[in-house]
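Residue numbers (our numbering): 4 to 289.
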């Protein structure tokens, strides 16, 4: 018993002595490390505790944003699908203004627009339809499209027509640029001349160029022009005037020679035939 008490007292006094003594370097390092661990642990707890509500809020915000995007995309797809299913999305009628009935039907066909086509398809293809009309219908100078409800309205402005080519008892308009229409007519329009026996595109383009140089009074004064080529003059033409006179000329110089027509006609007492091939002279027409 005494030995145990003595050991405890010695241990107590030894610890007291150690407390009063300065710490060794190793003990100082351990003490410093222990304090650092306490600070870090308390900082971690504090930091996680303060950030947790923010993380929850951010996750909820992100979830709401994704849900909104998904709902918008789904709703948009649903509306588009519904639009294409309903009759409102399709063409009910095609109207053409600014042209006669024959040309109107040809324009509708050339445009490539059909009943029950999608209105959106027609809207996006307006430029292509306008080019098709311009390239095939020589009577058309330009087109303007308007879409209202389920109607497609095409308004045209007319190209200058210089005459009509006669082929197989059908008449085809020739415009000032030398383009021949695909529209078949049973009779020429607007008191313009009829052209016969012109077989190549180069001939019709040259013919259109010459006709376009004439004054309106001379143009409407011509009844018919026939191509009558000969070996010495492959451009030879015969012109029949509405006043009963006839003209023999060369196609490439026809417009420049026709400026003398009214002067020669004024000197004549009856019907005459005028030769413009070489120079300009006239003879009585029997």
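Positions of the beta carbon are idealized from the N, C-alpha and C atoms, including for glycine.
Keep in mind the model is a prediction, meaning the values are calculated, not measured.
Determine which residues share a DSSP beta bridge with residue i and list them.
| i | result |
| --- | --- |
| residue 175 | 168 |
| residue 243 | 227 and 249 |
| residue 150 | 155 |
| residue 132 | In the DSSP output, where bridge partners are listed per residue, residue 132 has none listed. |
To the nearest angstrom, how far is it from the Cα of residue i to the Cα of residue j?
| i | j | result |
| --- | --- | --- |
| residue 166 | residue 224 | 12 Å |
| residue 107 | residue 150 | 17 Å |
| residue 227 | residue 216 | 17 Å |
| residue 70 | residue 94 | 37 Å |
| residue 52 | residue 88 | Caution applies to residue 52, whose pLDDT of 49 falls short of 50 and renders its modelled position unreliable; the value that the coordinates give is listed next. Near 55 Å, if we compare the C-alpha coordinates of residue 88 and residue 52. |
| residue 115 | residue 103 | 19 Å |
| residue 203 | residue 79 | 56 Å |
| residue 111 | residue 99 | 7 Å |
| residue 148 | residue 129 | 7 Å |
| residue 77 | residue 84 | 11 Å |
| residue 290 | residue 127 | Any question about residue 290 goes unanswered here, given that the chain covers just 4 to 289. |
| residue 82 | residue 67 | 22 Å |
| residue 237 | residue 184 | 25 Å |
| residue 131 | residue 90 | 24 Å |
| residue 267 | residue 201 | 28 Å |
| residue 125 | residue 219 | 39 Å |
| residue 75 | residue 60 | 23 Å |
| residue 269 | residue 162 | 33 Å |
| residue 9 | residue 27 | Any reading at residue 9 needs caution, since the residue's pLDDT is 47, under 50, leaving its predicted position unreliable; the model's value is listed next. Cα-Cα distance, rounded: 28 Å. |
Going by CA-CA distance only, name the one from the options that's closest to residue i.
| i | options | result |
| --- | --- | --- |
| residue 235 | 272, 280, 67 and 87 | 280 |
| residue 173 | 128, 161, 180 and 186 | 186 |
| residue 212 | 99, 181 and 244 | 181 |
| residue 192 | 266, 169 and 267 | 169 |
| residue 302 | 201, 171 and 200 | Residue 302 cannot be examined here, being either before or after the span of the chain that is shown, 4 to 289. |
| residue 278 | 270, 251, 109 and 269 | 251 |
| residue 198 | 109, 241 and 27 | 241 |
Excluding the five sequence neighbours on either side, which residues of its own chain have a C-beta within less than 8 Å of the C-beta of residue i, listed in chain order?
| i | result |
| --- | --- |
| residue 96 | 118, 153, 154 and 155 |
| residue 92 | 86, 121, 122 and 123 |
| residue 221 | 261 and 264 |
| residue 49 | Only weak support is given to the placement of residue 49: the predicted model assigns it a pLDDT of 48, under 50, and the question is left unresolved by the model. |
Report back the beta-carbon spacing between residue i and residue j to the nearest angstrom; my notes put them in contact at under 8 Å.
| i | j | result |
| --- | --- | --- |
| residue 283 | residue 260 | 6 Å |
| residue 176 | residue 142 | 5 Å |
| residue 254 | residue 209 | 6 Å |
| residue 248 | residue 288 | 7 Å |
| residue 164 | residue 178 | 6 Å |
Give me, in chain order, the residues of the same chain whose beta-carbon lies closer than 6 Å to that of residue i; leave out the 5 immediate sequence neighbours on both sides.
| i | result |
| --- | --- |
| residue 232 | 239 |
| residue 145 | 160 |
| residue 58 | none |
| residue 101 | 158 and 159 |
| residue 109 | 140 and 186 |
| residue 133 | 146 |
By Cβ distance below 7 Å, which residues in the same chain neighbour residue i in space, the five residues on each side in sequence not counted?
| i | result |
| --- | --- |
| residue 113 | 135, 136, 139 and 140 |
| residue 286 | 275 and 276 |
| residue 258 | 213, 216 and 217 |
| residue 105 | 186 and 188 |
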